[in-house]
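First to last, the sequence lines map onto chains A and B.
Each residue of the first sequence is one higher than the last, beginning at 1 in our numbering.
Each residue of the second sequence is one higher than the last, beginning at 114 in our numbering.
Notes follow the structure.
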Amino acid sequence: MSDHNSASGHTSEQTPEHVSEHISSVGSSVTIWLALLAGTGITVAAAFINLGPFNTIVALTIATIKAMLVVLFFMHVKYTHEKMTGLVVASAIFWLFILLALSMADYTTRLWR
Amino acid sequence: MHTSQAAVDEHAHENPALLHHFATEEQQKNAASLGMWVFLAQEVMFFGGMFCAYLVYRYKYFADFGSASQQLDIRLGAINTVVLICSSLTVVLAVRAAQLGKRMALVFWLVATIFLGLVFLGIKADEYAEKFEKHHEKFENHHDPGASFSYHELLPSQEKLPEAERQYADPHHAEMYFSLYFAMTGMHALHMIIGVGLFGFLAYKAWRGKYGPDYYTPIENAGLYWHFVDIVWIYLFPLLYLIDRHR
Numbered sequence: 001m002s003d004h005n006s007a008s009g010h011t012s013e014q015t016p017e018h019v020s021e022h023i024s025s026v027g028s029s030v031t032i033w034l035a036l037l038a039g040t041g042i043t044v045a046a047a048f049i050n051l052g053p054f055n056t057i058v059a060l061t062i063a064t065i066k067a068m069l070v071v072l073f074f075m076h077v078k079y080t081h082e083k084m085t086g087l088v089v090a091s092a093i094f095w096l097f098i099l100l101a102l103s104m105a106d107y108t109t110r111l112w113r
Numbered sequence: 114m115h116t117s118q119a120a121v122d123e124h125a126h127e128n129p130a131l132l133h134h135f136a137t138e139e140q141q142k143n144a145a146s147l148g149m150w151v152f153l154a155q156e157v158m159f160f161g162g163m164f165c166a167y168l169v170y171r172y173k174y175f176a177d178f179g180s181a182s183q184q185l186d187i188r189l190g191a192i193n194t195v196v197l198i199c200s201s202l203t204v205v206l207a208v209r210a211a212q213l214g215k216r217m218a219l220v221f222w223l224v225a226t227i228f229l230g231l232v233f234l235g236i237k238a239d240e241y242a243e244k245f246e247k248h249h250e251k252f253e254n255h256h257d258p259g260a261s262f263s264y265h266e267l268l269p270s271q272e273k274l275p276e277a278e279r280q281y282a283d284p285h286h287a288e289m290y291f292s293l294y295f296a297m298t299g300m301h302a303l304h305m306i307i308g309v310g311l312f313g314f315l316a317y318k319a320w321r322g323k324y325g326p327d328y329y330t331p332i333e334n335a336g337l338y339w340h341f342v343d344i345v346w347i348y349l350f351p352l353l354y355l356i357d358r359h360r
């Protein structure tokens, strides 16, 4: 462990933009963890309320918010300096969208079957 | 951080983890990280195929998927979600410990992650055992009352539906639900087993002092993998357990 590295380790929480590797603080990680637990509680509670078709929308919205918290903070995408990471994440979501949207566009419009 | 040439030369001799075909540690780290993200993008498509199959059949067999979904134990699913979220936090703390060069903290958080992963798999195995007991995995012999799942279990929730939807109740549709349930949660559990094995290997190497602030890429990439598996479950839990509960 060089002095250089340990110095950046200690100062990173004040000035994360000066280091290439983001070191998450315990406080912010625990905050995200609590938010994920709260999201789980809310989604379970909402499942027992009859909202009709909105049950699915509410559940998937909460799931997407939780997934975003994990990707941005736990997976450090928010702090990465590597722009390719964002491109790969966006591409993955876009391809998934193509897979789901075009498949459903087919299956939901086969009215003759 | 390591951009100045002097620092590069210094580190090239200092850090044994820097491979000769990379100019700098940062370049090596970025290449490994990008490779991991491309792998995860591929994993999104892999699970995406199963999510798409679920979507198509849920659209087609809407009423029976609702009835079949109510057979799952929402408490076990919720507990497992909490366990996985906690394991994601322990992974974050493990990566942090590696970045700060705290060897025993790193080993501790990796072992904690393995423990939580095993708790998840244990609960999942218990759910599977219950499903096998009730023969939810097999509907082919549903005329034989002893050997297979009783479709009458599905009827109480079917009775809440309008008459028109109820008449489509078909055990084979519920069978499709449980096939997808086993395929999706099974593939997710397989990823968990691989992750637990990976963290076991990393915990051993971390205990040997292999990782520190200069080199912790394997810890970080295994962490990315684990978080991805967590995200898959974040979607599986509402889709399989929750969204048809109100019916």
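We treat Cβ as the ideally placed atom computed from N, Cα and C, and that holds for glycine.
Thinking I356 of chain B and L36 of chain A are a contact (beta carbons under 8 Å), I'd like their distance in whole angstroms, please.
Position 243 of the second sequence, counting from 1, holds the residue named residue 356 of chain B. Position 36 of the first sequence, counting from 1, holds the residue named residue 36 of chain A. By a beta-carbon distance limit of 8 Å, I356 of chain B does not contact L36 of chain A. Their separation comes to about 19 Å.
Could you list the residues in the segment 311-344 of chain B with a C-beta less than 7 Å from some C-beta on chain A, going in chain order?
Contact residues of the segment 311-344 of chain B toward chain A are G325, P326, D327, L337, H340, D343, I344 (C-beta to C-beta distance below 7 Å).
So with CB distances below 7 Å, who are the chain A contacts of R358 of chain B?
As a working mapping, residue 358 of chain B is identified with position 245 in the second sequence. Near R358 of chain B (Cβ distances below 7 Å), the residues of chain A are A47, F48.
Cβ neighbour criterion (16 or more within 10 Å) applied to P129 of chain B:
Along the second sequence, one-based indexing puts residue 129 of chain B at 16. Around the C-beta of P129 of chain B, fewer than 16 other C-beta atoms lie within 10 Å, and the residue is accordingly described as exposed.
In whole angstroms, give me the CA-to-CA distance for G39 of chain A and A136 of chain B.
What you label residue 39 of chain A is simply residue 39 of the first sequence in a count that begins at 1. What you label residue 136 of chain B is simply residue 23 of the second sequence in a count that begins at 1. If I take the Cα positions, the gap works out to 43 Å.
Sub-8 Å separation of I227 of chain B and G336 of chain B beta-carbons:
The count along the second sequence starts at 1 and reaches residue 227 of chain B at position 114. The count along the second sequence starts at 1 and reaches residue 336 of chain B at position 223. No; because the gap between Cβ atoms is not below 8 Å, this pair is not in contact.
Please check if any C-beta of chain A sits within less than 8 Å of the C-beta of S292 of chain B.
Counting from 1 along the second sequence, the entry for residue 292 of chain B is found at position 179. Residue contact with chain A for S292 of chain B: absent (no Cβ-Cβ distance below 8 Å to any residue of chain A).
Cutoff 6 Å; reference T330 of chain B; Cβ partners in own chain excluding five residues on either side:
Indexing the second sequence from 1 puts residue 330 of chain B at position 217. Closer than 6 Å at Cβ, skipping near neighbours: K142, A145.
Evaluate H326 of chain B with the Cβ neighbour count: other Cβ atoms within 10 Å of its Cβ, from every protein chain shown; 16 or more gives buried, anything less gives exposed.
Indexing the second sequence from 1 puts residue 326 of chain B at position 213. For the record, residue 326 of chain B in the displayed sequence is Pro; it is not His. Label assigned to P326 of chain B: buried.
Measure the C-alpha to C-alpha separation of M68 of chain A and G162 of chain B and round it to an integer number of angstroms.
Counted from its first residue, the first sequence places residue 68 of chain A at position 68. Counted from its first residue, the second sequence places residue 162 of chain B at position 49. When rounded, the distance between both Cα atoms is 21 Å.
Beta carbon of Y348 of chain B nearer than 8 Å to that of A181 of chain B
Position 235 of the second sequence, counted from the first residue, corresponds to residue 348 of chain B. Position 68 of the second sequence, counted from the first residue, corresponds to residue 181 of chain B. At a Cβ-Cβ threshold of 8 Å, Y348 of chain B and A181 of chain B do not count as neighbours.
Pull the bridge partners of G325 of chain B from the DSSP assignment, please.
Within the second sequence, the letter at position 212 stands for residue 325 of chain B. Paired residues: B:Y328.
Consider the Cβ of K78 of chain A: report whether some Cβ of chain B lies at a distance smaller than 8 Å.
Position 78 of the first sequence holds residue 78 of chain A. No, its Cβ sits nowhere closer than 8 Å to a Cβ of chain B.
Where does H22 of chain A sit, in a helix, a strand or coil, going by DSSP?
Sequence index remark: in the first sequence, residue 22 of chain A carries index 22 (1-based). H22 of chain A: coil per DSSP, three-state reduction.
Along chain B, which residues have their Cβ under 7 Å away from the Cβ of K66 of chain A?
Counting from 1 along the first sequence, the entry for residue 66 of chain A is found at position 66. For K66 of chain A, the C-beta contacts it makes with chain B under 7 Å involve I347, in order along the chain.
Please check if any C-beta of chain A sits within less than 8 Å of the C-beta of H255 of chain B.
Taking the first residue of the second sequence as 1, we reach residue 255 of chain B at position 142. Interpretation of H255 of chain B is limited by its pLDDT of 45, a score under 50 that renders its predicted location unreliable; no figure is taken from the coordinates.
Interface residues of the segment 163-180 of chain B facing chain A [CB-CB below 8 Å]:
Of all residues in the segment 163-180 of chain B, the ones placed with a Cβ closer than 8 Å to any Cβ belonging to chain A are F164, C165, L168, V169, Y172, K173, in chain order.
According to DSSP, is P129 of chain B helix, strand or coil?
Stepping through the second sequence from its first residue, residue 129 of chain B is reached at position 16. Note: P129 of chain B maps to coil in three-state DSSP.
If I306 of chain B and L234 of chain B are in contact, beta carbons under 8 Å, what's the gap, nearest whole angstrom?
Against the second sequence, residue 306 of chain B aligns to sequence position 193. Against the second sequence, residue 234 of chain B aligns to sequence position 121. Indeed, because the Cβ distance is near 7 Å, the residues count as touching under 8 Å.
Tell me which same chain residues have a C-beta within less than 6 Å of the C-beta of V26 of chain A, skipping the five on either side of it?
Reading the first sequence from its first residue, position 26 is the one you call residue 26 of chain A. Nothing listed; no residue qualifies.
Tell me whether the beta-carbon of L99 of chain A lies closer than 8 Å to the beta-carbon of M158 of chain B.
Residue numbering aside, residue 99 of chain A sits at position 99 when the first sequence is read from its first letter. Residue numbering aside, residue 158 of chain B sits at position 45 when the second sequence is read from its first letter. Taking 8 Å as the Cβ cut-off, L99 of chain A and M158 of chain B qualify as a contacting pair.
L353 of chain B and Y294 of chain B look like a contact to me (Cβ under 8 Å); what is the Cβ gap, rounded to whole Å?
Start at 1 with the first residue of the second sequence, and residue 353 of chain B comes out as number 240. Start at 1 with the first residue of the second sequence, and residue 294 of chain B comes out as number 181. Y294 of chain B and L353 of chain B do touch by the CB rule: their CB atoms are close to 6 Å apart, below 8 Å.
For A211 of chain B, which residues in the same chain have their Cβ closer than 6 Å to its Cβ, ignoring the five residues on either side in sequence?
Sequence index remark: in the second sequence, residue 211 of chain B carries index 98 (1-based). The residues are L219, Y324, Y329, I332.
Residues of the segment 203-216 of chain B whose Cβ lies closer than 9 Å to any Cβ of chain A, in chain order:
Correct list: V204, V205, L206, V208, R209, Q212, L213, G214.
With a 10 Å radius around its C-beta and 16 neighbouring C-beta atoms as the bar for buried, classify M217 of chain B as buried or exposed.
The sequence position of residue 217 of chain B within the second sequence is 104, counting from 1. By the neighbour-count rule (16 or more Cβ atoms within 10 Å), M217 of chain B is not buried but exposed.
Beta carbon of L36 of chain A: closer than 7 Å to some heavy atom of the ligand PLP?
The model depicted lacks the ligand PLP and carries no ligand whatsoever.
Determine the DSSP secondary structure at V345 of chain B, reduced to helix, strand or coil.
Position 232 of the second sequence, counted from the first residue, corresponds to residue 345 of chain B. V345 of chain B sits in a helix when the DSSP states are folded into three classes.
For chain B, is any of its Cβ atoms less than 8 Å away from the one on I23 of chain A?
Position 23 of the first sequence, counted from the first residue, corresponds to residue 23 of chain A. At least one beta carbon of chain B lies nearer than 8 Å to the beta carbon of I23 of chain A.
Given that A63 of chain A touches chain B, what residues does it touch there, using C-beta distances under 7 Å?
The residue you call residue 63 of chain A lines up with position 63 of the first sequence. Going along chain B in sequence order, the residues near A63 of chain A (Cβ under 7 Å) are I347, Y348, P351.
When burial is assigned at 16 or more other CB atoms within 10 Å of the CB, is E288 of chain B buried or exposed?
For this step, residue 288 of chain B is matched to residue 175 along the second sequence. The residue is buried, with at least 16 neighbouring Cβ atoms inside 10 Å.
CB contact check: G235 of chain B to chain A, cutoff 8 Å
As a first step, residue 235 of chain B must be located in the second sequence, where it is residue number 122. No - not a single Cβ of chain A is within 8 Å of the one on G235 of chain B.
Residues in the segment 81-110 of chain A with C-beta within 8 Å of chain B's C-beta atoms, listed in sequence order?
Correct list: E82, M84, T85, V88, V89, S91, A92, I93, W95, L96, L99, L100, S103, M104, Y107, T108.
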